[in-house]
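Student:
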Amino acid sequence: MKKVVVIDDEPFILMMIEDKLKKAMIDVVTLRSSVGAVDVIKREKPGLIILDWMMPELSGIELCKILKHDPEIAEIPIFMLTAKGQDADEQLGLRSGVTRYITKPFSPKALLEMVEEVMNVDKP
Amino acid sequence: MAKTRIIYKHIVIFLVFASLIVVPLTFTVVKQVNKMIAEEESVHPPENADYTQPHREFSDKLVGQLVPFVFYILVLALMLSILFSRGMLISLKGLLRGSKLMKEGNLDIRLPVVSDDELGEVTRAFNEMAAALREKTLELKRKDTYVNVMVDPLWVVDGENRITDVNPAFTRMFGYTREEVMGASLYDFFDEKNAAVIRRQIEEKRERGISSIYEINMLSRDGIQIPLLISGSPIFEGDKMVGKIGIFKDFREQQELRNELQREKEYVETIMDSIEDQLFVIDKEYSIIRANKVAMMEAGGHVIGRFCHAVAHHMDKPCWTGGHECPAQTVFITGKNYRTTHQHAGPAGERRFHEIVASPIKDSSGNVLHVIELIRDVTERMKHEEEIFNKNRELVALNSIAGILSKSLRADEIFTKILDRMIEMLRMDGGGIFFIDDAKREMVCQYHRGISEEFVKMMGRIRLGEDVPGRVAVTGQVMTTSDLSKDQRIERSFVKHSGMKGYCCIPVRGKERVIGVFCLFSFRTHYFTSEEENILTSVGEMTGIALENIKLYEKMRELYEYQRSRREEEQAQILSLSTRLGSAIELKDVMGPVLELIRNIFSADFVWLLVRDQEGNFILRSASPENGKEGKLIYANTVSSIEGYSAERRVPTVVGDIRVEAKFYLASDIGNSQFQSVIAVPMHIGEKTVGVYSLYYLGTREFKEDELHFLKIIANILAVSIERSDFYLKAITEKGLSDTILQSVADGIITVDVNGRIISVNKAFEKMTGVTATAAVGMPICDVFRYSDDNIDFRFSLGECFDAALNGGRMSRETFLTSVFQSRNAVLISATPVLDAGGGVSGVVNLVRDISREKEIDRMKTEIIRSVSHEFRTPLSAIVGMTEMILEEDIDGKRAKKYLRTILSEGIRLSNMVSDLLSIARIESGKEILKMVNVDMKELLSGLSRSFSPLVEKKKAEIKYDVDAGRYVVGDEEKIKQVLTNLIGNSLMFSDEGCRVHVSVTDTEGGIVITVSDNGWGISEEDLSHLPERFYRGRHGQRIKGTGLGLSLCREIVKMHGGSMEIRSKPGAGTEVVLSLPRREMK
Amino acid sequence: MKIEDHIAGFCVVLVIAALAYFLSTFHASFDALVISIIVGMLAGNMIGSRDYFERGTETALTIFLPLGIALYGSQLVLDELRWGQLLAIFLVSSALFGLTLLIAGIFGIEKKVAVLLASGLSVCGASAIAVISPLIGAKREDTSVAVISVMMLGLTGMIFYPILSDALSLTHGEFNFLAGATLPMLGQVKVAALNVCPECLAGAEKIKLIRMSFLFFLVTASLFYSGKEGRRVNIPWFVIVFILLAVGVNLSGAFAHVKEYFRETSNFCLSAALAAIGFSVDFDSIIEQGILPLGVISFSWGVVVLLMYLIRNLF
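Protein chains in written order, with this note's numbering: chain R, 1 to 124; chain V, 10001 to 11083; chain C, 20001 to 20315.
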């Protein structure tokens, strides 16, 4: 069983994703802030990271760049789950190394499908 | 069973018949046969036994034959009877089945009517009964269904308060199943307190057959208290009450709302009470529905429910009836904030000035429901202002009178003008000037205003010592009265009952005696202040002097016809002098030339003017030729001097040779100059000696009467001028200082002298910092805040502002202030220099304004708008995602509830955001009407440049305004200003330090073109295409906070003006915004 | 299968049979077979909860009925019989059977009831009905109706045949034929014959027994008629035994000394069987069906008797 780290400043988003993924027997670690997330990710070694873009202190896109520049964890796929729905944002997100760019509002079911898809591909 | 019983009966009957028929029949037959055989045998005795044998067997045979037959026939009869009673049996069976069905609850019964007998009737009746029952049951069922589908729980209790029925909603809400609660006492569902409530309700109301609705908390199965609204009603059967029905309304939500409301209310009340000004909430009937503590205290406690005018004015009518504007009314009509200063009557009837800020409370559709009035007592300020205004008015009047006197020598003109001025100045209704006819000891009214010729004629001549003017003429004392008709001093007077109330009489003093009386009256009660009386006295004296002057002049004309040319010259010089003095407020500049002029006229060698201070010291004011510094002490009050002597005697004093006059001390400044003749002329205003001016001659000089008189006039003019100037200066200082203080009374104020020591602090300062005034005064300003290390920034900012103010500038800084109690607030420091008359800085007023709330509001507003799109999508995530999860049944019941609650709250949040956005949109939607005026672009831009100067300074930017004078644009000034502010602001914002912004207004064929260009960061092509979108925030938007609405707003405004806006930009090269407005003429 | 379930009904049947046997000793007219069915009927309808006895009575029926019928084969004596008489009996039986079916069809009586009525009337009353009804899968009500109707007709006939015999001044042979060929039940034949003359008893009984052997055909016919062609026709074993016994008795004298025991045994068995039938008869059924079945068989019987009279007078 692999882990997913979810970072969002909105508690109910965390709650939804956690509920949905746990039901599918996927372990979930939730974080309310991107500050200190790198350490958590290094410790947990998740199979996937789900990020919000707009967060106080450190935005998701900045965090994403940090993660992608760290060889230890650069390989972990990242989902950007954000309210920024413009194409430009998506382009920027994808350029920053985001695997999937998902705009809010989102379907938990579709998210789960995507998560499972990515997790299964990654399995040796 | 019926069947069996019937068959039993048949069988029993059969058996009875069988035994009744067969047995007797058998016996009878056997007996008869035996008898018959016996008879026969007796007649024919049997020949042998064989013959008898058949006989003997016969009866047995017969019986054997008979009995089975009878039996079989009976069996047949039994069966036939069963067959024939078949119909009845079927009917009975049907009825049985029917009743059984009915018991089972199936009422759809229609029994066939088989027999025509009574049972048929019974069957028919049964059918009818069943049908009726069915109808009834259906009706009941419908009711039942209604009860069952009812959303609100319900219970039915019997006379002993035991539950006899509940509906499914009851189970849903409380968790008890129907079976569990049946027969339970209703008190089992409440805790003690609520049980008491419901018991009381039941005993008081329900038992007597009264319905009632009340709130109660009920225990659910889980032991949770659920707030409810129970509506209970009794159930009657006939006249007897058989039970009660209770319908519950879920009150949880209402309870929550109510709690929220309560919290909200408390919050509002706390805010209200913490405001230092009075605060009222007024409804449409003008009655007060809410007031804060301050207001309560002011009004003496009970104000709620009273009319606002009753509280504020102590009147029983709204105040607009008295010609005032009522702020509340204005707000109700316009729906906009309104600010005014209002005169109210205090509790004791004294005048009070209140500054009122009235704001509307609107409902969602924009109707004004209530008005909030914030009332600040500005009586002190107003009184001050009024005082200053009055003084100013007096000075102006005096000045103009002096001007008149000095400009004209024609008596008619002078008197009428003085009369007019005085009436105007004191706001009187009329007046007159009486002259004394010495020969007849009478007075004649020669000039008058506000009274008719007839009245004057009627008044005729007033004898000296009679009536008010007469008495004044005799006593030579000013006499004023606020209400003539009630004045006890005046017994007999022609004017006493003429309707005049405010009245004053001023003696007009000539050289030695009173030559006339000056009267002013008002039809209203007028209280004459001491200042007014002083003015009146001086006016009287001036008038007298003028009159004397005129008389002398006329005499002189006769006597010195030959000297006419010279006199005229003199007069002209006096005029010029007087004009100079009259028009100049700053005497300092003109005093020198004036003395020079006097020196020339009287060909003196040295002239100086000494003013007397409050202690009686003589101080140099000016000298010709220049001698010493102004303000130098010449003679102390203990020193005997010619100037002091003349001031004492109040007449010009001439000394032939000052060198030999031992009793006068001569100041060292002039002691060596060997002056011989000296004339010192005192300057008076009323009783007050203003100063003395003296003319010194190296030789001897004698003064003629007319010269002396001339000098006196000059003295008077100088006196008035000096006094006026001093007065003015004082007033300016006072006004400036008090204004600065008063305007910001709610803010912390620290006045500091030029050395940095605190002169005074106000109460708000004490409150803000926790440092008392006594502790603060006298301390160096920056040391006051040393109590906390957190104030380093504050002290730095304060020092900066103070320095700026000392240099004559104004400066504001935002920083944080930590009070003695360790509370930290955002504050705005602004330092303003207090300038003295000479333009030098005499002190600094530091204003410390608590802006934490504004800051907070600002931050929130920015935050909301900045993240509107984010915020829209986020609640949508909750609604969409959670709904999906619930539909997918990913989550179980309890969690689903939590989800639903989140969905609800997010939905509400969304709707709130929509309405916020709508209100922003409404501002933009152009419902506002443009106030078209001719806008002078030059003026507008210079105004803008002023407002941008701090930012420009900060950014070290440079804004170049390229506009010709007289370039006009027709449009709404405010709106155009807004657009330009936005654009220039954008330019400054999105650029590096030292940027250059160029604003130009040009007139082209197509209309007026306004261009704002800069050399800032520019806008990327990507962002450029998105600029018209609302809430769009470009690449730089992440670095700099904004709404994403500014450009949209500009575009809207330009569109409203019928123009267009174009943005050209290149990243790194700057941006150019071109506004084209159509040219139009102002109608 | 628990014995307790059956024992009550079984005992009741035996008691009734014993009672009937006891009554029959008083007078010949109280024939055990007739009495046992009447008492059975009365008892069955008097008892409130018949269900308690039902299984026992059914068991008794399945045991005693075939046994009684089979053993009665031993009473059939064919040596004095002429073939013409045999044919006549067959004709009368067939006529009764066919006519009853026809008329029942006309009156719209249910097919199964009609078959039961016809077989009861034409062969051997209640016993025939009891044999046929499980074969054609008749309901209990149908059986009851048929039994009651046939029995009522039989009782009437039993009472009036002696009178008829006198009124028409029939010879003993003729009466024997009439009674044996048309009265449905063996007991009734016996009673009627005994009332005319004791000698007639044997003759009428012989004819009746011959008629009983037609059960074999009847079974076949009934099965066909009731529309169970698809089913393989199982001729009941007791019919075979009946015929075998009859053949055996007639061909050899080996059975002569046991013949009387057979008679008594079969009599008892039949009376027990009839008691069981009577016990299971429900008066409710005639309440449902009414008088129509009785009318139908009466009519067909009347027609046949009239035809027989006409034929006798013509020849």
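Positions of the beta carbon are idealized from the N, C-alpha and C atoms, including for glycine.
Since the structure is predicted, the reported quantities are computational estimates derived from the model, not experimental observations.
Leaving out five residues on either side along the sequence, give the residues of the same chain with a beta carbon under 7 Å from the beta carbon of residue 20154(C).
Tutor: 20125, 20183, 20184, 20185, 20188
Student: Can you name the residues of chain R whose CB is closer than 7 Å to the CB of residue 10878(V)?
Tutor: The answer, in chain order, is 12.
Student: Does the beta carbon of residue 10996(V) fall short of 7 Å from some heavy atom of the ligand MG?
Tutor: This structure lacks the ligand MG; in fact it carries no ligand of any kind.
Student: Any idea what DSSP makes of residue 10740(V), helix, strand or coil?
Tutor: Bear in mind that a pLDDT of 45 at residue 10740(V), under 50, signals an unreliable position, so the model cannot answer this.
Student: What residue does the alpha helix (DSSP H) around residue 10124(V) start on, and which one ends it?
Tutor: 10118-10149
Student: Grab the span of the beta strand (DSSP E) containing residue 10446(V) for me, first residue to last.
Tutor: 10442-10449
Student: Which bits of chain R does residue 10882(V) rub up against, with CB to CB less than 7 Å?
Tutor: Chain R residues near residue 10882(V): 16.
Student: Please say whether residue 10022(V) and residue 10062(V) have beta carbons closer to each other than 8 Å?
Tutor: no
Student: From what residue to what residue does the alpha helix (DSSP H) around residue 10756(V) run?
Tutor: Unbroken run through residue 10756(V): none, as it is neither H nor E.
Student: Does the distance from the CB of residue 103(R) to the CB of residue 77(R) come in under 8 Å?
Tutor: Result no, Cβ atoms of residue 103(R) and residue 77(R) do not sit closer than 8 Å.
Student: Could one say the Cβ of residue 10247(V) lies closer than 8 Å to chain C's Cβ atoms, at least one of them?
Tutor: no
Student: Under DSSP, the alpha helix (DSSP H) around residue 10811(V) begins and ends at which residues?
Tutor: Counting along the chain, residue 10811(V) falls outside any alpha helix (DSSP H), though it belongs to the beta strand (DSSP E) covering 10811-10818.
Student: What in chain R is Cβ-close to residue 10890(V), meaning under 8 Å?
Tutor: 19, 20, 23, 108
Student: So residue 20191(C) contacts chain V; which residues on that side make the cut at Cβ distance below 9 Å?
Tutor: When 9 Å is used as the limit between beta carbons, residue 20191(C) is near these residues of chain V: 10068, 10072, in chain order.
Student: Considering only residues of the region 20037-20115 of chain C, which uninterrupted alpha helix (DSSP H) runs meet the minimum length of 4 residues and lie entirely inside it, listed in chain order?
Tutor: 20051-20072, 20083-20106
Student: Is there a Cβ from chain V that is less than 8 Å from the Cβ of residue 20158(C)?
Tutor: yes
Student: On the DSSP bridge assignment, give the partners of residue 10519(V) in chain order.
Tutor: 10432(V), 10505(V)
Student: Consider the Cβ of residue 85(R): report whether some Cβ of chain V lies at a distance smaller than 8 Å.
Tutor: Yes, contact with chain V.
Student: With three or more beta-carbon pairs closer than 8 Å as the criterion, would you say the region 20192-20205 of chain C touches the region 20093-20102 of chain C?
Tutor: no
Student: Using the Cα positions of residue 11152(V) and residue 10777(V), report the straight-line distance between them to the nearest angstrom.
Tutor: Nothing about residue 11152(V) can be reported from this structure: the residues present for chain V run from 10001 to 11083 only.
Student: Taking residue 10971(V) as part of the alpha helix (DSSP H), name the residues at either end of that continuous run.
Tutor: Taken as a continuous stretch (DSSP letters only), residue 10971(V) belongs to no alpha helix (DSSP H), being part of the beta strand (DSSP E) at 10968-10972.
Student: Express the C-alpha separation of residue 66(R) and residue 10226(V) in angstroms, rounding to a whole number.
Tutor: 52 Å
Student: What first and last residue would you give for the beta strand (DSSP E) that runs through residue 10826(V)?
Tutor: Residues 10824-10835.
Student: Just by C-beta distance, which residues in the region 20035-20065 of chain C are closer than 8 Å to chain V?
Tutor: Against chain V - using a Cβ distance shorter than 8 Å - the residues of the region 20035-20065 of chain C are 20038, 20042, 20045, 20046, 20048.
Student: Do you know offhand how far residue 20031(C)'s Cα is from residue 20161(C)'s?
Tutor: 16 Å
Student: Applying the 10 Å Cβ sphere with the 16-neighbour rule, what's the burial state of residue 54(R)?
Tutor: buried
Student: I'd like to know whether the C-beta of residue 10894(V) is nearer than 8 Å to at least one C-beta of chain R.
Tutor: no
Student: Quick check on residue 10308(V): buried or exposed, where buried means 16 or more other Cβ atoms within 10 Å of its Cβ?
Tutor: buried
Student: When we look at the beta-carbon of residue 10414(V) and count the other beta-carbons within 10 Å, is it buried (16 or more) or exposed?
Tutor: buried
Student: Tell me which same chain residues have a C-beta within less than 6 Å of the C-beta of residue 20005(C), skipping the five on either side of it?
Tutor: 20055
Student: Would you decide whether residue 31(R) is buried or exposed? Buried here means 16 or more other CB atoms lie within 10 Å of its CB.
Tutor: buried
Student: May I have the straight-line CA-CA distance separating residue 10655(V) from residue 10596(V), to the nearest angstrom?
Tutor: 21 Å
Student: Using a Cβ-Cβ cutoff of less than 8 Å, which residues in the same chain neighbour residue 11024(V) once the five nearest sequence positions on both sides are dropped?
Tutor: The residues are 11063, 11065.
Student: Once DSSP output is grouped into helix, strand and coil, what is the label at residue 11067(V)?
Tutor: coil
Student: Whole angstroms is fine: what's the gap from residue 20178(C)'s alpha carbon to residue 10007(V)'s?
Tutor: Rounded to whole angstroms, residue 20178(C) to residue 10007(V) spans 34 Å at the Cα level.
Student: For residue 10299(V), which residues of its own chain have a beta-carbon under 7 Å away from its beta-carbon, when the five flanking residues on both sides are left out?
Tutor: 10311
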